[in-house]
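J.: Let me give you the structure first, and then I'll get to my questions.
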Amino acid sequence: MDKNNTRTIVRLAALVIVFVALVLMEEPTSIPVCNINANTLEKCRPAVTGNNPPPPGIECCIILQAADLECVCKFKSHIPILATKSSKVHDLLRKCAINTIPPACQALKN
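Taking mature numbering (1 follows the signal peptide of the UniProt record, and there is no 0), I'd label the letters of the sequence shown as residues -25 to -1, 1 to 85.
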């Protein structure tokens, strides 16, 4: 086998190894903050998007009920779902039966 064939086989083997590694990798997650994984808040995005958002799903409400909302609202600029109209965030909390809105959430402004 000449050098060109050997190089081609080595490159192909390396490509296969990279592909297998990508397939086997777990979905990336973020570091939990405020008793939640910030990526899980994406389950709430439909409930605060658009002019007439749908009601939040049960998964969204479970996430919000477990979260330290005082802490979450302090990170408004870092959590895209909170970068929406404060009235939509307040409606979301109300629809998830969260009746006590922490002061940091009351101060949400665009």
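Each residue gets a CB set at the ideal place from its N, CA and C atoms; glycine is no exception.
I think Cys80 touches Cys35, with their Cβ atoms under 8 Å apart; what is that distance to the nearest whole Å?
T.: Mapped onto the sequence shown, residue 80 falls at position 105. Mapped onto the sequence shown, residue 35 falls at position 60. The pair is not a contact, with the Cβ atoms about 16 Å apart (cut-off 8 Å).
J.: Taking the beta carbon of Ile38 as the centre, do at least 16 other beta carbons fall within 10 Å, making it buried, or is it exposed?
T.: In the sequence shown, counting from the first residue as 1, residue 38 sits at position 63. Buried is the call here.
J.: In the DSSP assignment, find the unbroken alpha helix (DSSP H) run with Asp66 in it and report its ends.
T.: In the sequence shown, the residue the question calls residue 66 occupies position 91. It spans Ser61 to Lys70 - the alpha helix (DSSP H) in which Asp66 sits, taken as one unbroken run.
J.: Secondary structure at Ile33, three-state DSSP: helix, strand or coil?
T.: Within the sequence shown, the letter at position 58 stands for residue 33. Residue state, collapsed to three classes: helix.
J.: In its own chain, which residues sit with a C-beta less than 6 Å from the C-beta of Pro28, not counting the 5 before and 5 after it?
T.: Within the sequence shown, numbered from 1, the residue matching residue 28 stands at position 53. Ala22.
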